[in-house]
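A.B. asks:
Residue numbers (this note's numbering): 784 to 1373.
1. Tell me the DSSP secondary structure of residue 800 in three-state form.
2. What first and last residue would you give for the beta strand (DSSP E) that runs through residue 1213?
3. Considering Cα atoms alone, identify which of 1300, 1192, 1326 and 1189 is closest to residue 1293.
4. Could you pull the start and end residues of the alpha helix (DSSP H) that residue 859 belongs to?
5. If distances are taken between C-alpha atoms only, which option among 796, 852 and 855 comes closest to residue 832?
6. Rounding to the nearest angstrom, what Cα-Cα distance links residue 1287 and residue 1264 in this structure?
7. Is the Cβ-Cβ distance between residue 1245 and residue 1166 less than 8 Å?
8. Based on the DSSP output, what are the partners of residue 1149 in its beta bridges?
9. Whole angstroms are fine: how far does the CA of residue 1205 sit from the CA of residue 1061?
10. Starting from the C-beta of residue 923, find all residues in its chain whose C-beta is less than 6 Å away, skip the five residues before and the five after it, and write them out in chain order.
11. Just to confirm my understanding: we take residue 918, look at its own chain, exclude 5 residues before and 5 after, and list those with CB closer than 7 Å. What are they?
12. Since residue 894 contacts residue 878 with CB under 8 Å, what's their CB separation in whole angstroms?
13. Using a Cβ-Cβ cutoff of less than 7 Å, which residues in the same chain neighbour residue 1271 once the five nearest sequence positions on both sides are dropped?
14. Answer with buried or exposed for residue 837, where buried requires no fewer than 16 other C-beta atoms within 10 angstroms of its C-beta.
15. Buried or exposed for residue 1369, please, with buried defined as at least 16 other CB atoms from any protein chain shown within 10 angstroms of its CB.
16. Taking its Cβ as the centre, do 16 or more other Cβ atoms sit within 10 Å of residue 1394, making it buried, or is it exposed?
17. Using only alpha-carbon positions, find the residue among 899, 1335 and 841 that is nearest to residue 1274.
18. Return the first residue and the last residue of the alpha helix (DSSP H) that residue 1195 is part of.
19. Along the chain, which unbroken stretches of the beta strand (DSSP E) at least 3 residues long are found entirely within the region 1288-1336?
20. Alpha carbon to alpha carbon, how far is residue 928 from residue 1216? Give it in angstroms, no decimals.
21. Please report the distance separating the alpha-carbon of residue 1316 from that of residue 998.
22. Confirm, please, whether the CB-CB distance from residue 1241 to residue 1332 is below 8 Å.
23. Just list the residues that DSSP pairs residue 1232 with in beta bridges.
24. I'd like to confirm something about residue 1324: is its beta-carbon nearer than 7 Å to some heavy atom of the ligand SAM, or not?
25. Between residue 803 and residue 823, which are expected to be in contact by the criterion C-beta below 8 Å, what is the C-beta distance as a whole number of angstroms?
26. Within 8 Å, do at least three Cβ pairs link the region 1250-1257 to the region 1147-1154?
27. Hey, would you say residue 845 sits closer than 8 Å to residue 812, going by beta carbons?
28. Excluding five sequence neighbours on each side, which residues of the same chain lie with their C-beta closer than 7 Å to the C-beta of residue 800?
29. What three-state label does DSSP hand residue 1118 in the structure shown?
30. Can you tell me whether residue 907 is buried or exposed, with buried defined as 16 or more other CB within 10 angstroms of its CB?
31. Whole angstroms are fine: how far does the CA of residue 1199 sit from the CA of residue 1373?
32. Does the Cβ-Cβ distance between residue 1189 and residue 1256 come in under 8 Å?
33. Give the single residue among 1001, 1309, 897 and 1207 whose Cα lies nearest to the Cα of residue 1328.
34. Using 8 Å as the threshold, is the C-beta distance between residue 1277 and residue 1184 below it?
35. If you run the structure through DSSP and keep just helix, strand and coil, what is residue 1075?
36. Specify, as a first and last residue, the run of the alpha helix (DSSP H) that residue 816 falls within.
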């Protein structure tokens, strides 16, 4: 049953959806056939999105195309009718002229031409009416397809909300259950020990311990029901708030718009950072702004919403709105884009040397972590367990160990430390002969690598400090990197002239530079507050451990240099020189 829940149900669903997509390809119009062909050539998630909602949008396009063709045919038929009527009128005029001249034969010929043209005009009129009917039918079908597409999008949105509601409630219940079990076990142990200390028999002590356990569990169950109700109300209230229209306040408006008086959420558009920096500089306030107290309430609220402490409501992530956004993002928005995860049952090396299945780990657990460049190994804390239900691309690694060949499965993007390559290598790029670092500092060679597609629930850890941990290939633990999804380089834009090279960690922005030939970083002050020290350190650690992120930063830094040399982006020379030093520091890391 567990295997079916984790893997089997997805495989069966994929098979059904591929059959449906194939039938639509065989029976549909050009747009449906094209969309089905693209989906069938893509991932299982592409097929699901097509079957669930995309096919209705494609069918609507086919109906609209048919409506357009019918309208054109109607116009052509009406044009032919007009031409035939003109020929009829011309023939009637010729007939009248011939009769006036007494030319009976010519009059008869003209009459026949007029009758023939009249018949043609009637035929073309009938064709125009038929084309108009087809256009009307196609328009009705297109409208029906649009209604169906909207309904499909609504179902997708409802499914997304229901799935997130279930996940939140399950997470809430699991954490409360763990706390309840701990409390009950403690109460039971205390009751038993107190009974033994009072001189009672072991049987009496066991009875008191059971009673204490039962009492605590009953109380915690009552508390759980109330807390779950409060959490559900909080999530419902948030969804209702998100559904309300927003009131946008233009920066150049000197009075509030009418919507501001209606109790709607006020939204102030983001001011272009270059223009804002220019205004601060001209007004002479750049020095003064450093002294303004940093209000961090907003940022703290966002951070608080990311976790679910016992007894508190977990808020919902904002979903996409609109048919296209829902089709593209309703399911993927909750997935980790870089998808670096392991299947359930994959064992992780714990701080005490034991191995535990990754899905059983919780925040606060201790795991072994290593800095592969220095060899320093420490016990680090798990900060978060990440669960993903949309991964589809996996690699089955065959690893040569002291106990023989062992197998380990990871998502295609998950990075492994390879001593032979001296770098983090994605699972999908590992080749036979490459080595992996083991927990005792030795190496294990990759013997084979098989990529495959499967829809399965997967798990990953966020680890404090070193951002690494070990997973077992058989009985041999090998070093992997934890999630690096949270760090990304800012797109090249004019704000590089004011902020320099900068990266994003959630809502935080971090300026990176070269300090005495080494990497340096500091937080950038935004309207939401200053970036945290933790975000600054995460950027530095990720840059040092991720060649892919370094390459991306180098590429964008060079592009920014070119723009600074050809555009008026503020203090070009100083920033361009700063970027050059940064590029050298990044290249030194390899």
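The beta-carbon is built from N, C-alpha and C at its ideal position, and this holds for glycine as well.
C.D. replies: Short version:
1. Within the chain shown, numbered from 1, the residue matching residue 800 stands at position 17. Residue 800 falls in the helix class under three-state DSSP.
2. The sequence position of residue 1213 within the chain shown is 430, counting from 1. Here residue 1213 belongs to no beta strand (DSSP E), and DSSP marks it neither H nor E.
3. Counting from 1 along the chain shown, the entry for residue 1293 is found at position 510. Nearest option by C-alpha distance: 1326.
4. For the purposes of this step, residue 859 is identified with residue 76 of the chain shown, where counting begins at 1. It spans 838-884 - the alpha helix (DSSP H) in which residue 859 sits, taken as one unbroken run.
5. As a first step, residue 832 must be located in the chain shown, where it is residue number 49. Looking at the Cα atoms, 796 is the closest of the given residues.
6. On the chain shown, residue 1287 is found 504 positions in, with the first residue counted as 1. On the chain shown, residue 1264 is found 481 positions in, with the first residue counted as 1. Distance from the CA atom of residue 1287 to the CA atom of residue 1264, rounded to whole angstroms, is 19 Å.
7. The residue you call residue 1245 lines up with position 462 of the chain shown. The residue you call residue 1166 lines up with position 383 of the chain shown. Going by C-beta atoms, residue 1245 is nearer than 8 Å to residue 1166.
8. Within the chain shown, the letter at position 366 stands for residue 1149. DSSP output for residue 1149 lists 1164 as bridge partner(s).
9. Residue numbering aside, residue 1061 sits at position 278 when the chain shown is read from its first letter. Residue numbering aside, residue 1205 sits at position 422 when the chain shown is read from its first letter. Here the model assigns residue 1061 a pLDDT of 44, short of 50, so the residue's position is not dependable and the matter cannot be decided.
10. The residue labelled residue 923 in the question sits at position 140 within the chain shown. Contacts found: none.
11. Here residue 918 refers to the residue found at position 135 when the chain shown is read from its first residue. Cβ neighbours of residue 918 beyond the five flanking positions: 850, 853, 854 and 857.
12. Looking up residue 894 in the chain shown gives position 111. Looking up residue 878 in the chain shown gives position 95. Between residue 878 and residue 894 the Cβ distance is about 5 Å, and since that is below 8 Å, they are a contact.
13. Locating residue 1271 in the chain shown gives position 488, counting from the first residue. Cβ within range, chain order: 1286 and 1287.
14. Within the chain shown, numbered from 1, the residue matching residue 837 stands at position 54. By the 10 Å Cβ count, residue 837 comes out buried.
15. Counting from one through the chain shown, the residue named residue 1369 turns up at place 586. Counting Cβ neighbours within 10 Å, residue 1369 comes out buried, since at least 16 surround it.
16. Residue 1394 is absent from the model: the chain starts at 784 and stops at 1373.
17. Here residue 1274 corresponds to residue number 491 of the chain shown, with the count starting at 1. For the residues 899, 1335 and 841, the minimum Cα distance to residue 1274 belongs to 1335.
18. For the purposes of this step, residue 1195 is taken as the residue at position 412 of the chain shown. Taken as a continuous stretch (DSSP letters only), residue 1195 belongs to no alpha helix (DSSP H), as it is neither H nor E.
19. Every beta strand (DSSP E) of 3 residues or more that sits fully in the region 1288-1336 is shown, in chain order, as 1291-1298 and 1301-1306.
20. The residue given as residue 1216 occupies position 433 in the chain shown. The residue given as residue 928 occupies position 145 in the chain shown. Near 55 Å, if we compare the C-alpha coordinates of residue 928 and residue 1216.
21. In the chain shown, counting from the first residue as 1, residue 1316 sits at position 533. In the chain shown, counting from the first residue as 1, residue 998 sits at position 215. Approximately 45 Å between the Cα atoms of the pair.
22. Residue mapping note: residue 1332 aligns to position 549 of the chain shown, counting from 1. Residue mapping note: residue 1241 aligns to position 458 of the chain shown, counting from 1. No, Cβ-Cβ distance for residue 1332 and residue 1241 is not below 8 Å.
23. Residue numbering aside, residue 1232 sits at position 449 when the chain shown is read from its first letter. 1180.
24. With respect to the ligand SAM, the structure offers nothing, as it holds no ligand at all.
25. By one-based count along the chain shown, residue 803 stands at place 20. By one-based count along the chain shown, residue 823 stands at place 40. Not confirmed; about 11 Å, so no contact.
26. yes
27. Position 62 of the chain shown holds residue 845. Position 29 of the chain shown holds residue 812. Yes; because the gap between Cβ atoms is below 8 Å, this pair is in contact.
28. Within the chain shown, numbered from 1, the residue matching residue 800 stands at position 17. Only 830, 831 and 834 meet the Cβ criterion.
29. Reading the chain shown from its first residue, position 335 is the one you call residue 1118. Caution is warranted here: a pLDDT of 34 is assigned to residue 1118, below 50, making its placement in the model unreliable, and the coordinate value is therefore given only provisionally. Of the three classes helix, strand and coil, the one that applies to residue 1118 here is coil, per DSSP.
30. Reading the chain shown from its first residue, position 124 is the one you call residue 907. Its Cβ being crowded by 16 or more others within 10 Å, residue 907 is buried.
31. The sequence position of residue 1373 within the chain shown is 590, counting from 1. The sequence position of residue 1199 within the chain shown is 416, counting from 1. Approximately 17 Å between the Cα atoms of the pair.
32. As a working note, residue 1189 is residue 406 in the chain shown. As a working note, residue 1256 is residue 473 in the chain shown. Yes, the Cβ-Cβ distance between residue 1189 and residue 1256 is below 8 Å.
33. Locating residue 1328 in the chain shown gives position 545, counting from the first residue. Nearest of 1001, 1309, 897 and 1207 to residue 1328, Cα basis: 1207.
34. Working through the chain shown from its first residue, we reach residue 1277 at position 494. Working through the chain shown from its first residue, we reach residue 1184 at position 401. Result no, Cβ atoms of residue 1277 and residue 1184 do not sit closer than 8 Å.
35. Counted from its first residue, the chain shown places residue 1075 at position 292. Low confidence applies here, because residue 1075 scores a pLDDT of 37, under 50, leaving its location unreliable; read the following figure in that light. Correct three-state label for residue 1075: coil.
36. Here residue 816 is taken as the residue at index 33 of the chain shown, counted from 1. That run of the alpha helix (DSSP H) goes 813-824.
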